[in-house]
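A.B. asks: Quick one: this structure, given as structure tokens, is what I'll be asking you about.
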Amino acid sequence: MRVFVDLDVLLDALQQRAPHYDSSYQSLEILTNSVNDLFVSLHSVATLYYFLNKHAGKEKAEEGISWLMTHFQIARCTKQEIWNSIDRGYPDFEDGIVAEEARLESCEVILTRNVKDYKLSPVPALSPEEFLAKS
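Residue numbers for the sequence shown follow this note's numbering, so the first one is 96 and each next one is one higher.
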């Protein structure tokens with residue numbers, strides 16, 4: 096399965112953010128412990144490092160990024176995906192980029208807490224709770 100994981104799920108799991116920690120962590124456990132192609136945005140890597148460093152320090156931030164790079168691929172993004180994210184009328188620009196990157200990588204699903212922001216996405220979105228219910 097090809098799955099694009101949105102930044103909010105990663106932050107919930109790696110920062111143990113309540114009340115979303117359990118479902119996000121369990122979803123990532125299932126995905127990383129089975130044969131899947133997992134994708135994240137390049138901007139998610141930088142943002143994740145920033146928040147982990149800010150809240151837990153440099154060592155934890157580097158551990159988080161090392162874990163991420165062990166399990167995930169960086170999604171491709173061209174100028175066209177940026178234009179598509181503008182032209183297709185996504186309610187959130189960043190989520191539009193994620194949707195277009197997921198399309199480019201032929202992902203089957205986007206794992207996110209912001210399912211409502213992906214109504215226009217060519218790739219269906221599931222919350223961690225919805226993903227766990229289907230697993």
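We put the CB at the ideal spot given by N, CA and C, even for glycine.
1) If we ignore side chains and look at the alpha-carbon of each, how far apart do Ala197 and Cys172 end up?
2) Can you find the residues in the same chain that come closer than 7 Å, C-beta to C-beta, to Ser118, ignoring five residues on each side of it along the sequence?
3) What are the boundary residues of the beta strand (DSSP E) that Val204 is part of?
4) For Glu203, which residues from the same chain have a beta carbon less than 6 Å from its beta carbon, with the 5 sequence-adjacent residues on both sides left out?
5) Could you say if the segment 98-108 and the segment 199-214 meet the contact criterion of at least three C-beta pairs nearer than 8 Å?
6) I need the DSSP call for Asp187, collapsed to helix, strand or coil.
7) Using the three-state DSSP reduction, which class does Ala113 fall into: helix, strand or coil?
8) So, are the CB atoms of Glu200 and Phe99 less than 8 Å apart?
9) Could you check if Asp190 is buried or exposed, using at least 16 other CB atoms within 10 Å of its CB as the buried criterion?
10) To the nearest angstrom, report how far apart Ile162 and Val130 are at their CA atoms.
11) Can you tell me the Cα-Cα spacing of Thr165 and Arg183, whole angstroms?
12) Can you tell which of Ser122, Asp212 and Leu143 has its C-alpha closest to the C-alpha of Glu157?
13) Please report the distance separating the alpha-carbon of Leu137 from that of Ala170.
14) Would you check if the distance between the CB atom of Ser230 and the CB atom of Ile125 is smaller than 8 Å?
C.D. replies: On the basis of the coordinates in this document:
1) C-alpha separation (whole angstroms): 9 Å.
2) Pro223, Glu224 and Leu227
3) First-last of the beta strand (DSSP E) with Val204: Val204 to Leu206.
4) Met96 and Arg97
5) yes
6) coil
7) coil
8) yes
9) buried
10) With the sequence shown as reference, residue 162 is identified as Trp, and Ile is not the correct amino acid for it. Trp162 and Val130: Cα-Cα distance of roughly 16 Å.
11) 33 Å
12) Leu143
13) 7 Å
14) In this structure, Ile125 lies closer than 8 Å to Ser230 by Cβ.
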